[in-house]
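**Student:**
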Amino acid sequence: MDVTLVEGVRRFNRTVTQRIGALDDAFLSRDRPLGQARLLWEIGADGCEVRELRSRLELDSGYLSRMLRGLETAGLVVVDTGGADARVRTARLTAAGLAERAELDRRADALAASILQPLNAGQRDRLVAAMAEVERLLVASMVDVAVVDERHPDAAHCIESYFAELTQRFGFDPARTIPADLTAYLVATLHGEPVGGAGLKLVDAGVGEVKRMWVSASVRGLGLGRRLLAEVEAAARGRGVRVVRLETNRTLVEAIALYLAAGYREVGAFNDEPYAHHWFEKVLEA
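In terms of the UniProt record's numbering, the sequence shown has 44 at position 44, counting the first letter as 1, and numbering is strictly consecutive.
1) Under 7 Å between the Cβ atoms of R92 and V50?
2) From the DSSP output, which residues share a beta bridge with E266?
3) Since V148 sits in a beta bridge, which residues does DSSP pair it with?
4) Helix, strand or coil: how does DSSP classify G70 here?
5) So what's D105 in DSSP terms, helix, strand or just coil?
6) May I ask which residues mark the beginning and end of the beta strand (DSSP E) holding G208?
7) Give the straight-line distance between the Cα atoms of G97 and G44, rounded to the nearest whole angstrom.
8) Got a sec? Which residues, its chain only, sit under 8 Å from L224 by beta carbon, not counting five neighbours each side?
9) Which word fits M213, buried or exposed, when buried means at least 16 other C-beta atoms lie within 10 angstroms of its C-beta?
10) Taking only three categories from DSSP, how would you classify E231?
11) How big is the Cα-Cα spacing for E273 and P118?
12) Return the Cβ separation of L137 and I20 in integer angstroms, given the expectation that the two are a contact with Cβ distance under 8 Å.
13) Would A22 and L34 qualify as a contact pair, given that the criterion is a beta-carbon distance under 7 Å?
14) Taking a contact to mean a Cβ-Cβ separation below 7 Å, would you say K201 touches D181 in this structure?
15) Determine which residues share a DSSP beta bridge with C48 and list them.
16) Would you call the segment 117-134 and the segment 153-170 in contact, with 3 or more CB pairs under 8 Å?
17) Please check the pair E72 and R56, which I expect to be a contact at CB under 8 Å, by giving their CB distance rounded to whole angstroms.
18) Hey, could you find the ends of the alpha helix (DSSP H) E58 is sitting in?
19) When you compare each of V244, R101, E58, G208 to V77 by their alpha carbons, which one comes out closest?
20) Could you pull out every unbroken alpha helix (DSSP H) segment of at least 4 residues lying fully inside the segment 108-169, listed in chain order?
21) Can you tell me whether T248 is buried or exposed, with buried defined as 16 or more other CB within 10 angstroms of its CB?
22) Mind checking whether E150 and L186 have CB atoms under 7 Å apart?
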């Protein structure tokens, strides 16, 4: 990794943590650090399952438990095991916790205003736009991609979502399409939830096809489609594939643009897929 890039990220992190008061034991001049304040915000007015908090915040279970105990001791949170499944623990804010969360919200708004106040209108717009771009890129960097069994629940979710979207867009019927017969399926997850997937099918010696590629609308614009395509190509290359192919429907103009930008070229039909109008291939570099 480029040392200059790494130094830039670290410098940015130091500036942000200092400016927002993340280093203070009493965040926003209250009686708790940022971690506990954030936890109150995440629990929210309706409560939240502990396992969801752990996944969303990507926290070690022991550390999360200690923070929750601290908030319970302060009378701000209760953790119960209500419901049919006694293994499911839910954190809820007490009346005092709701009041504290509201006060933290008020102070957080004041902190945000104090950051914007010294800037002129143009600088404020630039800062907020830059923050939005940084947020998008940070979220993109938090996505994990891994090969899973096609029968894994996350893979099933992605494939079912793929079918559902195509059905909505152009009347796709899974029963009419050519079976995928996948060799491998890659799933992208964010905070433990599947947000994208793509499959690889080996068809001939040195030839593979990209199948069942889907990206959740919630993460579009993060470059995940291009990343999944690159990951499938890497998986194909590792299996001795030198040519990757795929087909698509003419209504999926964004997918066509992605394939062309990724170096695919349009070729003649190489299968009888009933929903395909365009066929592409790419020769992989050794």
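Glycine included, every Cβ here is placed at the ideal spot set by N, Cα and C.
**Tutor:** Put simply:
1) It is not a contact, given that the beta carbons lie outside the stated cut-off.
2) F280
3) Y185
4) helix
5) helix
6) 207-215 is the extent of the beta strand (DSSP E) around G208.
7) 9 Å
8) Non-local beta-carbon contacts of L224 in its own chain, meaning distances under 8 Å to residues more than five positions away in sequence, involve A140, V143, A188, V195, G196, V215 in chain order.
9) buried
10) helix
11) 60 Å
12) Contact doesn't hold; Cβ gap of about 19 Å is too wide.
13) yes
14) yes
15) A91.
16) Too few Cβ pairs lie closer than 8 Å, so no.
17) The pair is not a contact, with the Cβ atoms about 20 Å apart (cut-off 8 Å).
18) Neither: E58 is in no alpha helix (DSSP H) and is coded neither H nor E.
19) R101
20) 121-142
21) buried
22) no
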